[in-house]
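Here is the structure we will look at.
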Amino acid sequence: MPSVSVIIPTFNRSRKLIRAVRSVLKQTFRDFEVIVVDDGSSDDTYQAITPYIPMIQYVRKDVNQGVSAARNSGIRRASAPWIAFLDSDDYWLEDKLSIQMKYIEGNPGTLACQTEEMWIRGGKRVNPRRRHKKPSGDIFAQSLKLCLVSPSSVALKRSLLDKIGLFDEGLPAAEDYDMWLRISCRYPVHLIEKELVVKEGGHDDQLSRRFAGMDRFRILAIVKLMKSGMLTQAQQGEAIAELSIKCRIYGEGCMKRGRKQEGSFYLSLPEQVAKGEVVFSGLIPSHTSCSPLLIISMA
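Using the working numbering, the first residue of the sequence shown is number 2, and each one after it goes up by one.
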């Protein structure tokens with residue numbers, strides 16, 4: 002049994018996928034397995050990955066189901082007690098796993114930890130803004146504001162996912178924001194202050210570019226969490242405060258764009274949630290780029 006299962010979801014990124022896979026195979030830490038989940042690619046991904054299949058597990062999905070479903074497929078096939086994710090457009094420095102596993106070994110009780118990362122945008126290195134600075138330990142309150150955990154930098158105890166669940170396959174975006182909130186409300190997420198991941202951005206196939214109004218997915222994640230019973234009273238207060246901010250910004254934006262019904266829905270949502278008047282029932286298809294994604298009923 003390997004110590005770490007490295008899960009790489011991919012969709013139509015054959016060249017970047019090979020770079021990601023090579024960065025794992027070059028790790029100085031060797032006790033791992035690699036699981037590549039091809040989420041229905043229509044490019045030459047299979048031909049590109051074929052030479053590496055003796056060294057990895059290659060899982061091919063016939064239909065594109067989204068990154069959450071791809072990661073979950075990898076998790077279900079994983080045999081190691083630790084899970085590490087790597088997005089196919091990112092790559093690791095060669096000591097990433099070695100440093101991370103040494104940290105875990107030296108800090109018993111660790112269930113989740115991440116590293117710092119280098120950001121590349123348009124082929125040039127950029128510095129994260131102050132608001133993107135990663136905290137360590139109890140990161141829940143800060144994570145409500147924006148996603149502060151990069152999937153490509155994190156290592157998780159497999160048993161942790163048994164407790165909090167897998168990625169939400171109903172969320173077309175912000176699925177990582179949803180996952181880290183569910184983890185950080187109960188468990189610390191530690192930070193290794195070394196840049197061990199190269200994270201590329203600015204390309205057209207990123208989820209943040211494919212979906213307008215990303216805050217509606219984060220709003221949904223907060224409502225789900227508040228209805229889950231996972232939060233303490235103090236955390237409920239932090240969650241409703243951030244929900245109010247996000248709903249106000251998004252709702253006012255809808256109003257300015259003439260979508261009054263949708264704007265009213267989001268502007269009134271925090272009060273309804275706080276009063277316990279919203280029953281979360283699931284998701285409905287998003288017929289437009291900005292339609293509400295909550296099924297609600299009044300208690």
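Every residue gets a Cβ at the ideal spot worked out from N, C-alpha and C, and that includes glycine.
Residue i to residue j span [Cα, whole Å]
i: Asn65; j: Asp169; result: 15 Å
i: Asp63; j: Gln234; result: 44 Å
i: Arg249; j: Pro129; result: 26 Å
i: Ser99; j: Ala85; result: 12 Å
i: Ile19; j: Ala49; result: 7 Å
i: Ala156; j: Glu272; result: 37 Å
i: Thr29; j: Ile165; result: 31 Å
i: Leu295; j: Arg122; result: At Leu295 the pLDDT is 47, less than 50, meaning the model places this residue with poor confidence and gives no usable figure here.
i: Trp181; j: Tyr104; result: 20 Å
i: Pro52; j: Tyr59; result: 11 Å
i: Arg260; j: Gly277; result: 26 Å
i: Cys255; j: Arg126; result: 34 Å
i: Val7; j: Glu34; result: 6 Å
i: Gly107; j: Val150; result: 21 Å
i: Glu303; j: Ile140; result: Not covered by the structure: residue 303. The range shown for the chain is 2 to 300.
Reference residue i; option with closest CA among the options
i: Val38; options: Ala70, Pro55 and Lys27; result: Ala70
i: Asp163; options: Ala79, Arg258 and Ala49; result: Ala79
i: Ala242; options: Gly254, Ile220, Ser229 and Lys261; result: Ile220
i: Arg16; options: Thr29, Arg31 and Asp45; result: Asp45
i: Tyr267; options: Pro173, Arg31, Glu253 and Arg258; result: Glu253
i: Val199; options: Leu182, Trp93, Asp179 and Val155; result: Trp93
i: Phe90; options: Pro189, Glu239 and Ser153; result: Looking at the sequence shown, residue 90 is not Phe but Asp. Minimum Cα distance to Asp90 is reached at Ser153.
i: Gly21; options: Gly67, Lys97 and Leu112; result: Reading off the sequence shown, one finds Ala at residue 21, where the question assumed Gly. Minimum Cα distance to Ala21 is reached at Lys97.
i: Lys124; options: Val224, Ala275 and Glu201; result: It should be noted that the sequence gives Gly, not Lys, for residue 124. For the residues Val224, Ala275 and Glu201, the minimum Cα distance to Gly124 belongs to Glu201.
i: Leu197; options: Trp120, Arg61 and Gly230; result: Trp120
i: Met82; options: Gly171, Gly277 and Lys158; result: Position check: residue 82 holds Pro in this sequence, whereas Met was assumed. Per the Cα distances, Lys158.
i: Met227; options: Glu34, Val274, Met256 and Leu26; result: Val274
i: Thr111; options: Ser160, Gly277 and Glu95; result: Ser160
i: Ala240; options: Glu194, Asp179 and Met256; result: Asp179
With 16 other Cβ atoms within 10 Å as the buried cut-off, status of residue i
i: Val236; result: The residue you asked about is not Val; residue 236 is Gln in the sequence shown. Gln236 is buried by the Cβ-count criterion.
i: Asn73; result: buried
i: Pro10; result: buried
i: Ile184; result: buried
i: Tyr188; result: buried
DSSP three-state assignment for residue i, whether helix, strand or coil
i: Arg187; result: coil
i: Thr46; result: helix
i: Asp10; result: The sequence shown places Pro at residue 10, rather than the Asp named in the question. Looking at Pro10 - three-state DSSP - the assignment turns out to be strand.
i: Lys247; result: helix
i: Asp177; result: helix
i: Asp90; result: coil
i: Phe168; result: coil
i: Ile19; result: helix
Sequence-distant residues of its chain with Cβ nearer than 7 Å to residue i (five each side left out)
i: Ser137; result: His191 and Leu192
Cut-off 6 Å between Cβ atoms - residues of its own chain near residue i, not counting five sequence neighbours on either side
i: Leu270; result: Cys248
i: Asn13; result: Ser42 and Asp44
i: Lys27; result: Glu95
Sequence-distant residues of the same chain with beta carbon closer than 8 Å to residue i, five excluded per side
i: His133; result: Leu147 and Leu149
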